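A quick write-up on the structure given underneath.
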Amino acid sequence: LIIISSLSLHIYLVHDSLNPICLLPRLTGKCRSKLHRWGWNPQKTICEEFIYGGCGANENNFLTKEECEAVLSTWIRMLEVLMGTLNTGLLTETSE
């Protein structure tokens with residue numbers, strides 16, 4: 001039996017505080033400008049630079065990496081806590 005109640009609680013807390021911006025894609029848009037912007041990449045769990053065309057943006061579009069990280073800092077901290085918990089062996093096997 002694997003005890004996962006604490007892990008479930010951490011996942012719930014992360015999900016509950018998740019900023020919806022974190023779920024939005026980084027959109028280039030249909031216009032043809034080549035503006036350097038920053039947006040959250042959930043696969044890499046970092047703020048990442050991308051090219052924005054100048055129109056058709058969503059909220060996952062920041063002028064600087066620092067602005068992106070400031071807005072998403074709560075999510076980033078929660079993710080770090082969760083990953084740290086997993087890395088310290090929170091999941092333990094017990095026999096029943």
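Residue numbers (the UniProt record's numbering): 1 to 96.
Idealized CB from N, CA, C, for every residue including glycine.
Quick caveat, the model's predicted, so the values are computed rather than measured.
Between the C-alpha atoms of Glu80 and Arg32 there is a straight-line separation of about 37 Å. Check the Cα spacing between Ser73 and each of Asn61, Trp40, Cys55, Arg26: the tightest is with Trp40. As DSSP reads the structure, Glu48 sits in a beta bridge with Gly39. In this structure, Gly54 keeps its C-beta atom at 9 Å or more from the C-beta atom of Leu27.
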